[in-house]
Ligand code: NDP
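Numbering (our numbering), first residue to last: 604 to 854.
Put into structure tokens, the structure is as follows:
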């Protein structure tokens, strides 16, 4: 098991892609901290499933847009498991709206959860990882930074927030390289989760024409890429983005 005895935090780990990552990591031997913002029942059920399968997991409520919450998330992890080896900064929201109609609220919520969330949780874990001279940080990026025109769906504001993550990633990776910490991202294409239900359905159908494989991705396919980057097989990989999108960004 490639993640045996590792301790991993997965933000937004209670549903969709985050849930698949939590289950995959637990199956690979990691002890899991499943973070969520609102849905305690979903996180609790996932923790029960992981334990029933013989794994170790806890759930911790924390809003990643709030620094005191991400600090508490790390403190709770250290209290439960003593160390933090892996952080998956995955919590995110989507906004599908033409640029000209985008509101201040759209801007604020995308920036707060997607970009500040990554900033907060990464800064919260790093002092511990630097002390231990070991760490794996993986952000969930997005196809919306690879493709400008999806036909129907419009993502300019969200692209700004996710683009901020992609922009910060390599400088952080460069600063952390000498501390034994790798910083990478996995950039998903259209993945079949509840998030897709929040965006224009006709646009989602239209976007499928842009995917050479002509299907949506599965959360497990993102989790597999995350598991690789979290493992020691990826020890010499940092500052990179692994695109998992059925070829959508090739053109
Ligand atoms: P979902 O909407 O299915 O799940 C989102 C998760 O994030 C939930 O666990 C939710 O918890 C949590 N969350 C949301 N806001 C916060 C917050 N402020 N603090 C802590 N947790 C929060 O999303 P997906 O699984 O589809 O997406 C996961 C990631 O993948 C996101 O970063 C998204 O941008 C990215 N992505 C997804 C794509 C897709 O096609 N699905 C495509 C490209 C990127 P709760 O339910 O408790 O609120």
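Backbone N, C-alpha and C define an ideal beta-carbon position, used for all residues, glycine too. Quick caveat: nothing in here was measured; it's all calculated off a predicted structure.
Exercise. Is any heavy atom in the ligand NDP found nearer than 6 Å to the beta carbon of residue 630?
Worked result: Residue 630 Cβ: outside cutoff for every heavy atom of the ligand NDP.
Problem set entry | residue 725 classed as buried or exposed, judged by whether at least 16 other C-beta atoms fall within 10 angstroms | Its Cβ being crowded by 16 or more others within 10 Å, residue 725 is buried.
For this session: Tell me whether residue 774 counts as near the ligand SAH, meaning its Cβ is closer than 6 Å to at least one heavy atom of that ligand.
Result: No copy of the ligand SAH appears in this structure; the ligands present are the ligand NDP.
For this session: To the nearest angstrom, report how far apart residue 720 and residue 676 are at their CA atoms.
Result: One C-alpha to the other measures close to 12 Å.
For this session: In the DSSP assignment, find the beta strand (DSSP E) that holds residue 614 and state where it starts and stops.
Result: Annotation: residue 614 is outside any beta strand (DSSP E) and is labelled neither H nor E by DSSP.
For this session: Could you please give the first and the last residue of the uninterrupted alpha helix (DSSP H) stretch that includes residue 841?
Result: That residue, residue 841, is in no alpha helix (DSSP H); it is neither H nor E in DSSP.
For this session: Tell me where the beta strand (DSSP E) around residue 553 begins and ends.
Result: The structure shown does not extend to residue 553, since the chain spans only 604 to 854, so no value can be given for it.
Exercise. By Cβ distance, which residues of its chain are closer than 7 Å to residue 709, with the 5 residues on each side in sequence left out?
Worked result: These residues qualify, in order along the chain: 698, 700 and 760.
For this session: Measuring alpha carbon to alpha carbon, tell me which of 625, 630 and 615 ends up nearest residue 641.
Result: Of 625, 630 and 615, the smallest CA-CA separation from residue 641 is found for 615.
Problem set entry | Backbone secondary structure at residue 772 - three-state DSSP | Correct three-state label for residue 772: helix.
For this session: Give the secondary structure of residue 630 by DSSP, where H, G and I count as helix, E and B as strand, and everything else as coil.
Result: The DSSP-derived three-state label of residue 630 is helix.
Exercise. Which same chain residues, not among the five before or five after residue 633, have their C-beta less than 6 Å away from its C-beta?
Worked result: Result list for residue 633: 606, 609 and 611, in chain order.
Problem set entry | Boundaries of the beta strand (DSSP E) in which residue 788 is found, first to last residue | Bounds of the beta strand (DSSP E) holding residue 788 are 784-791.
For this session: Identify which residue in 772, 750, 669 and 680 has its Cα closest to the Cα of residue 791.
Result: Taking only the C-alpha atoms, the option nearest residue 791 is 750.
For this session: Using a threshold of 7 Å, state whether the C-beta atoms of residue 764 and residue 717 are closer than that.
Result: In contact: residue 764 and residue 717 (Cβ atoms closer than 7 Å).
Exercise. Thinking C-beta only, is residue 814 closer than 7 Å to residue 828?
Worked result: No; because the gap between Cβ atoms is not below 7 Å, this pair is not in contact.
For this session: Can you give me the Cβ contacts of residue 696 inside the same chain, cut-off strictly under 7 Å, excluding the 5 residues immediately before and after it?
Result: 712, 713, 716 and 717, listed in sequence order.
For this session: Please report how far the alpha carbon of residue 787 lies from the alpha carbon of residue 830, in whole angstroms.
Result: Between the alpha carbons of residue 787 and residue 830 lies a distance of about 12 Å.
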